[in-house]
Amino acid sequence: KQEVTQIPAALSVPEGENLVLNCSFTDSAIYNLQWFRQDPGKGLTSLLLIQSSQREQTSGRLNASLDKSSGRSTLYIAASQPGDSATYLCAVKNQGGKLIFGQGTELSVKP
Amino acid sequence: GAVVSQHPSWVICKSGTSVKIECRSLDFQATTMFWYRQFPKQSLMLMATSNEGSKATYEQGVEKDKFLINHASLTLSTLTVTSAHPEDSSFYICSANLSGDEQYFGPGTRLTVT
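In order, the protein sequences belong to chains A and B.
For the first sequence, the working numbering begins at 352 and goes up steadily by one.
For the second sequence, the working numbering begins at 1259 and goes up steadily by one.
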């Protein structure tokens, strides 16, 4: 059974810092991996999608990497801003098409 | 990008009543939609996979007679919580696949059962 773990559960940083969020998964037979952002009481916004054959994806200040063999992904946020404060969720899609989510990392960027 | 809407965004109902939540894909057709539940400070848990024109596939531990799913068209799936109880209070989110890869999520429905 696929399990997805995110570390840390919560993170508080001052504005301008670069930071890394971690995601690990137990079964490397994934179809893709997606990083989402969720604001309190809201739905999910897709940030980056990495196919199983890819190593990384970049969008603006965000960079996500994938190491399928070790079951790890990282989300790198450069020059963090208060507007980046949210919960970040990692999810892997298995071969059956289902998304399995991690518990999320609650990020707070202080001005 | 693809847009998924949900209605209502929040609902309060009395214990024992039923509540219907709609999920629509606004600018694309979705043969498959997914329903998730999220408790406070927890992650999303997949409840069921909704397939257009056929029965939904429920995850282990989810009561199919309590959470009725209907996917009558390529743009609409509904989740009906029957005989709701306070423990059913949660945040319900639907999603749909676009071209089999990226999943797009609705804004969620906050259900409170009193």
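Don't be surprised by glycine CBs; every beta carbon is placed ideally from N, CA and C.
This one's a predicted model, so the numbers in the text were calculated from it and none came from an experiment.
**Asked** In chain B, which residues lie less than 7 Å from phenylalanine 452/A when you measure between Cβ atoms?
**Response** Result: Ser1301 and Leu1302.
**Request:** Name, please, each residue of chain B whose Cβ falls closer than 7 Å to the Cβ of glycine 394/A.
**Result:** Within chain B, the residues near glycine 394/A are Ile1351, Phe1363, Gly1364, Pro1365 and Gly1366.
**Asked** Which partner residues of tyrosine 1362/B appear in the DSSP bridge assignment?
**Response** Secondary-structure assignment with DSSP links tyrosine 1362/B through a beta bridge to Ala1354/B.
**Asked** Do the CB positions of asparagine 1355/B and alanine 1306/B come within less than 8 Å of each other?
**Response** Between asparagine 1355/B and alanine 1306/B, the C-beta gap is not smaller than 8 Å, which leaves the two residues out of contact.
**Prompt:** Three-state secondary structure (DSSP) at glutamate 1280/B?
**Reply:** Shown here, glutamate 1280/B sits in a strand according to DSSP, grouped into three states.
**Message:** Less than 6 Å between C-beta atoms, sequence neighbours within five positions excluded: which residues of the same chain meet that for aspartate 378/A?
**Reply:** Closer than 6 Å at the Cβ level, and outside the excluded window around aspartate 378/A, lie Gln353.
**Asked** Mind checking whether histidine 1329/B and methionine 1291/B have CB atoms under 8 Å apart?
**Response** Against a cut-off of 8 Å, the Cβ pair of methionine 1291/B and histidine 1329/B comes out as a contact.
**Asked** Taking C-beta to C-beta, are isoleucine 428/A and leucine 417/A nearer than 8 Å?
**Response** Annotated as distal: isoleucine 428/A and leucine 417/A, with beta-carbon spacing of 8 Å or more.
**Prompt:** By DSSP, does proline 1266/B sit in helix, in strand, or in coil?
**Reply:** It is coil, neither helix nor strand.
**Prompt:** Given that a residue counts as buried once 16 or more other Cβ atoms are within 10 Å of its Cβ, and exposed if not, what is threonine 456/A?
**Reply:** By the Cβ neighbour-count rule, threonine 456/A is buried, with 16 or more other Cβ atoms within 10 Å of its own.
**Prompt:** Do the region 437 to 453 of chain A and the region 366 to 384 of chain A make contact, defined as three or more Cβ pairs closer than 8 Å?
**Reply:** Judged by Cβ distances under 8 Å, the region 437 to 453 of chain A makes contact with the region 366 to 384 of chain A, as three or more pairs qualify.
**Request:** With 8 Å as the threshold, decide whether the Cβ of leucine 400/A is near any Cβ in chain B.
**Result:** Closer than 8 Å: yes.
**Request:** Taking asparagine 373/A and alanine 430/A to be in contact with their CB atoms under 8 Å, please state how far apart those CB atoms are, rounded to whole angstroms.
**Result:** No, asparagine 373/A and alanine 430/A are not in contact; Cβ-Cβ is about 19 Å, not under 8 Å.
**Request:** Check the Cβ of glutamine 408/A against every Cβ in chain B and list those closer than 7 Å, keeping chain order.
**Result:** Within chain B, no residue comes near glutamine 408/A; the closest Cβ sits about 11 Å away, beyond 7 Å.
**Asked** Cα-Cα, which of Val1277/B, Ile1270/B, Leu1337/B and Asp1359/B is closest to lysine 1313/B?
**Response** The shortest Cα separation from lysine 1313/B among Val1277/B, Ile1270/B, Leu1337/B and Asp1359/B belongs to Leu1337/B.
**Prompt:** What separation, rounded to the nearest whole angstrom, lies between the Cα atoms of serine 1341/B and glycine 1319/B?
**Reply:** Their Cα atoms are separated by approximately 17 Å.
**Prompt:** What separation, rounded to the nearest whole angstrom, lies between the Cα atoms of leucine 362/A and glycine 1311/B?
**Reply:** The alpha-carbon of leucine 362/A is positioned some 44 Å away from that of glycine 1311/B.
**Item:** Identity of the residues DSSP links to glutamate 457/A by a beta bridge
**Value:** Residue pairing by DSSP places glutamate 457/A opposite Ala361/A and Thr438/A in a beta bridge.
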